[in-house]
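Protein chains in written order, with our numbering: chain V, 669 to 977; chain Z, 7 to 302; chain L, -18 to 320. To keep things clear, I will list the structure first and then write my remarks on it.
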Amino acid sequence: MWRYILKRLLMLIPVLLAVAFVIYAIMNVAEGDPVYSVAGADATEEQLAALREEMGLNGSLIERYFRYIGNLLKGDLGVSYVSKQDVMKIYLQRLPNTLKLASMTMIFATLIALPLGIIAAVNQNSWIDTVSMVLALIGLSMPNFWLGLLLIILFSLKLGWFPSGGNEGFKSIILPAFTVGAGLAALLTRTTRSSMLDVIRQDYLRTARAKGVPEKTIIRKHALRNALIPIITIFGVQFSNVLGGSVLAETVFAWPGVGRLVVDAIDQRDIPTVTGALVMTTMLVTVVNLLIDIVYAFVDPRIKAKYSK
Amino acid sequence: MANEKELRAHQKYKKRSSLGMVWHQLKKNKGAIIGLILISLVIILALCAPLIYDYKQDIVKNHVRERMLYPSAEHPFGTDDLGRDILARVIWGARYSLAVGVVAVLFALVVGVTLGAIAGYVGGVFEDIVMRVCDIFSSIPSVLLAIAVVSAMGKSTVNLMIAVGLASSAPFTRVARAAVLVVRDEEYIEAAKAIGMRDWQIILEHILPNCVSQIIVQATLRVGSAIISAAQLSFLGLGVPAPAPEWGAMLSSGRQFIRDYSYMTLFPGLAIMLCVLSLNLLGDGLRDALDPKLKR
Amino acid sequence: MSEKEITRNEKILDVKNLSVRFETEDGIVRAVNGIDLDLGYHRTLGLVGETGAGKTTTALALLRLVQSPPGVVECDKLEIGGRDIRELSIEHMEQIRGKDISMIFQDPMTALNPVFTVGDQIAESLELHEHLNHEQALERAGDMLEMVGIPRARGKEYPHQFSGGMKQRVVIAIALACNPKLLIADEPTTALDVTIQAQVLELMNDLKTKYDTSMIMITHDLGIVAEVCDEVAVMYAGRIIEKGTLEDVFRETMHPYTEGLFNSLPNIKNRTARLKPIMGLMPDPTNLPPGCAFAPRCNYATEECSKEVPELKAVSQTHKCACCAYEREGFCIERRAKK
Chain V
669 MWRYILKRLL MLIPVLLAVA FVIYAIMNVA EGDPVYSVAG ADATEEQLAA
719 LREEMGLNGS LIERYFRYIG NLLKGDLGVS YVSKQDVMKI YLQRLPNTLK
769 LASMTMIFAT LIALPLGIIA AVNQNSWIDT VSMVLALIGL SMPNFWLGLL
819 LIILFSLKLG WFPSGGNEGF KSIILPAFTV GAGLAALLTR TTRSSMLDVI
869 RQDYLRTARA KGVPEKTIIR KHALRNALIP IITIFGVQFS NVLGGSVLAE
919 TVFAWPGVGR LVVDAIDQRD IPTVTGALVM TTMLVTVVNL LIDIVYAFVD
969 PRIKAKYSK
Chain Z
7 MANEKELRAH QKYKKRSSLG MVWHQLKKNK GAIIGLILIS LVIILALCAP
57 LIYDYKQDIV KNHVRERMLY PSAEHPFGTD DLGRDILARV IWGARYSLAV
107 GVVAVLFALV VGVTLGAIAG YVGGVFEDIV MRVCDIFSSI PSVLLAIAVV
157 SAMGKSTVNL MIAVGLASSA PFTRVARAAV LVVRDEEYIE AAKAIGMRDW
207 QIILEHILPN CVSQIIVQAT LRVGSAIISA AQLSFLGLGV PAPAPEWGAM
257 LSSGRQFIRD YSYMTLFPGL AIMLCVLSLN LLGDGLRDAL DPKLKR
Chain L
-18 MSEKEITRNE KILDVKNLSV RFETEDGIVR AVNGIDLDLG YHRTLGLVGE
32 TGAGKTTTAL ALLRLVQSPP GVVECDKLEI GGRDIRELSI EHMEQIRGKD
82 ISMIFQDPMT ALNPVFTVGD QIAESLELHE HLNHEQALER AGDMLEMVGI
132 PRARGKEYPH QFSGGMKQRV VIAIALACNP KLLIADEPTT ALDVTIQAQV
182 LELMNDLKTK YDTSMIMITH DLGIVAEVCD EVAVMYAGRI IEKGTLEDVF
232 RETMHPYTEG LFNSLPNIKN RTARLKPIMG LMPDPTNLPP GCAFAPRCNY
282 ATEECSKEVP ELKAVSQTHK CACCAYEREG FCIERRAKK
């Protein structure tokens, strides 16, 4: 088991290098040489070259990439063009807010989706099943930022229950978390339902019933434990979408997280900040996916056995 | 020779009969039919928009005297901060959303299916590289990836399509590769090789038809999420440039007046939802029709 | 008369006119159509028939485990150990299942929950019915494992670490954990390798004697019936068409379908004889033919056979048969004519 985790950690390294390369390449084919905008129109060739060296923009793309990776391994993501601050420092300042929002989102989505999906599956084809499936479909079809705007109109402007933006206290996280979480909750409800329906038909539940296990225990213990496996997969796949969704929610609710950082940096053509934030965010997603693969092993002994081989 | 003919006849027969079956199953699904009707209506409206409105006069021209009018008989959806009729702009906006959604997904489909099919068929190092790249693209949040691409290439409708398309290529690659892996070692592929068909012929004629149904389902569902992605980018100011009536951009400008003129943020969002909802209904229906086992 | 003999005359199972139908979109599937079953204490009944004859559905109906909807169960009497269980509450039923009556399922590969250890799965019914705490229950589960020939240390392992035959032993251990009065074994050896089949059968025979359990053995294998059972009931299309002691059915075979089953077996004594399989297929249970359901496949069928469903009539004190051909003077099936 530990050997498997170690192997997976080692495998992360090439993946992260490749991720950094893809992002670095995308960001550095940007039209226009940032040197001009920094130095001004009447700079001489020598001034430009000096500035280029100072900003780490001399040399070919590959050369620059390797320099970037070298610095990255030392924890240095370069310096922002705009604020002249260390990008890693800016990123780490914003990260806790984004993680707070992401974890609230996931908790919130799980609290809604898991019971709803289970009830829908157990009472298949009943009105409650129909209602939850319609709700899930609407949740999947709603653009999250629009939902955020609607929530602001209703809960902060009309009812005044929650603030319409900012990061002050627990109340201010509710609306953003709901905004990002609605889509995830919808998807989770559907997955939970279909996964439970799958498990409910399994022979081993019949064995449990024939043993005289009460129906509630059958659902809670025997069925749910098995149904959790595909549900956990969705968490892994969707973590990256939660971070993506929080970019929008952070904009709508003026939430000072990584998403806002990226959007603002793009407006200001602050390439080191955009690149750095993207690279770090992707690393975060990859690490979370690894964690989820490990969680699997504790839910399903068959996977644990496979890892141990 | 006769062998090849038989093989082809067999596949044609399979294709036609399964398409008929799919339609038969789909007809029974109320949700899918509602989705089909709604999306057809949206498409017809989008196509007919130039017959109803004049782009310069009705869509982008400012009418200072008619600024910020609440919904009324004359302007059913009200007017925006520049006095433009929101209904007209929402209808015209369908052209952008559908075009971006469809082109982006076609882009993703061509890139993804080509790479996936070749990767599955060839195997080896090429397959490894393609699948790792897929993993990388899936671990970058798709909104952020699209943002990066647009900001690197500049804001334009075409770049928006490419950005959204690139961000949704990975799932198609996976579907195509998985489908190829299933049939790669089947005997009729051996037979096709034995009668001297070329690799690309085998992929096109024998392997891809087997995953067409999954690709159609993926594509239908993906157009919906591509429309949302495009609207998100426009909302962030990275999509279709102003003054074009893109739904996400309309929401972004309506947002400034959310306190007193909330109707401005209502209708474009409803339009997006309606569009995506009908595509999801249709996609779900197609999936159930193609795989009756999944229907519950 | 001693007390023990009185119980011997009583029945562990008494079922009258049991019917099960499934109301599906594509029509009503009539799986079981009015059967009577009874079984004395310490006896073993073989329920024989082809796949789809309604054997498993009958067994599930006895445990009241038929899925509803779509399943609808009707019967005039359903007594286990002298108690009618038709109207019992679900909670009450849960106390009976696994304690008074338990079941071994056909496919051991899917009958065990993959995410719990086998020890836990055996212990669960002990905790429920014998009110043991977890440690005590695990201890007893270890005993049960040893009883079915598995080292107790393997109780900590998960189902995927066991072979098919081993899994079936675990399933048997689960079923016998609370010493049930009636054990239903639904084709317990069908999914196993031939070499393992014999071991599992022997184990079941031993345990049956040891625990003094009554048993219903569901099977399509007449060899197993001969080895294990005291009584036999032959099912066809949801009805019992012949019933009696092992002697009655094997030596004094009456029904043409039972004869067909015997003819489908290879004959070891006469290796040159060709197998005579029964022609055709079991009728569609959504659309049963009028009259005798076997008539379309029966060599002896006359027009009379398609008119009315033949009644299960007593031939001797223990032997019953449902075939209207016997109303014809001097009718005799080939199998008995040869003798």
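Note that CB positions come from ideal geometry on N, CA and C, so glycine has one too.
- Using a Cβ-Cβ cut-off of 7 angstroms, L/Met84 counts as an interface residue toward chain V, since at least one Cβ of chain V sits closer than that to its own.
- Interface annotation, Z/Val186: not in contact with chain V, CB-CB separation never under 7 angstroms.
- Annotation: Cβ neighbours of V/Ala878 in chain L (cutoff 8 angstroms, chain order): Leu44, Leu46, Arg78, Gly79, Ser83, Met84, Phe86, Ala156.
- Scanning its chain for C-beta atoms nearer than 7 angstroms, with the 5 sequence neighbours on each side dropped, one finds around V/Ser748 the residues Val755, Ile758, Asp938, Pro940, Thr941, in chain order.
- At a C-beta separation below 8 angstroms, V/Pro898 has no neighbours in chain L, since its nearest C-beta there lies roughly 13 angstroms away.
- V/Trp795 is outside the set of residues whose beta carbon lies under 7 angstroms from a beta carbon in chain Z.
- Here the stretch 764 to 775 of chain V makes contact with the stretch 912 to 931 of chain V; the two share three or more CB pairs at distances below 8 angstroms.
- Going by DSSP, V/Asn909 is part of the alpha helix (DSSP H) stretching over 892 to 920.
- The stretch 162 to 171 of chain Z and the stretch 184 to 198 of chain Z do not touch, with fewer than 3 CB-CB distances between them shorter than 8 angstroms.
- For the stretch 677 to 689 of chain V, the set of residues with a beta-carbon nearer than 7 angstroms to any beta-carbon of chain Z comprises Val683, Ala686, Val687, in chain order.
- Here the C-alpha atom of L/Gln142 lies approximately 42 angstroms from the C-alpha atom of L/Cys56.
- With fewer than 16 other Cβ atoms from the protein chains shown falling within 10 Å of its own Cβ, V/Phe966 counts as exposed.
- Annotated three-state conformation of L/Val215 is strand, per DSSP.
- Membership of L/Ala12 in the beta strand (DSSP E) is indicated by the continuous run 8 to 21.
- Within the same chain, and ignoring the five residues on either side of Z/Asn286 in sequence, the residues whose Cβ sits closer than 8 angstroms to its Cβ are Gly41, Leu227, Gly230.
- At the C-beta level, V/Thr859 and V/Ile899 come within 7 angstroms of one another.
- Interface annotation for the stretch 957 to 970 of chain V against chain L: Val967, Asp968, Pro969, Arg970, criterion Cβ-Cβ distance under 8 angstroms.
- The stretch 254 to 268 of chain L makes no contact with the stretch 284 to 300 of chain L; the number of CB pairs closer than 8 angstroms stays below 3.
- Among the CB atoms of chain V, one or more fall inside 7 angstroms of the CB of L/Thr91.
- Beta-bridge partners assigned by DSSP to L/Thr5: L/Gly8.
- When Cβ-Cβ separations below 7 angstroms define contact, L/Glu292 makes no contact with chain V.
- Against chain V, the CB of L/His112 has no partner CB under 7 angstroms away; the residue lies outside that interface.
- For L/Ile197, no alpha helix (DSSP H) segment is defined; the enclosing uninterrupted segment is the beta strand (DSSP E) at 195 to 200.
- Counting only runs of 3+ residues, no beta strand (DSSP E) is found wholly inside the stretch 779 to 813 of chain V.
- Ranked by Cα distance from Z/Leu88, the options Z/Leu283, Z/Met256, Z/Met279 are led by Z/Met256.
- Residue pairing from DSSP places V/Val747 in a beta bridge opposite V/Asp754.
- Annotation for L/Ser83: the continuous beta strand (DSSP E) segment containing it runs 82 to 85.
- For Z/Ile58, no beta strand (DSSP E) encloses it; the enclosing alpha helix (DSSP H) starts and ends at 36 to 58.
- For V/Arg893, the nearest beta carbon of chain L is closer than 7 angstroms to its own beta carbon.
- By the Cβ test, the stretch 772 to 785 of chain V is not in contact with the stretch 240 to 253 of chain Z, since fewer than three Cβ pairs between them sit closer than 8 angstroms.
- Under the three-state reduction of DSSP output, L/Ser245 falls in the coil class, being neither helix nor strand.
- Under the three-state reduction of DSSP, V/Thr860 is assigned to helix.
- In this chain, L/Val129 is not harboured by any beta strand (DSSP E), its DSSP state being neither H nor E.
- For L/Glu223, the uninterrupted beta strand (DSSP E) run begins and ends at 220 to 226, by DSSP.
- Between L/Ala42 and L/Val53 the beta-carbon gap is near 10 angstroms, outside 8 angstroms, which marks them as no contact.
- Between L/Ile153 and L/Ile103, the gap from beta carbon to beta carbon reaches 7 angstroms or more.
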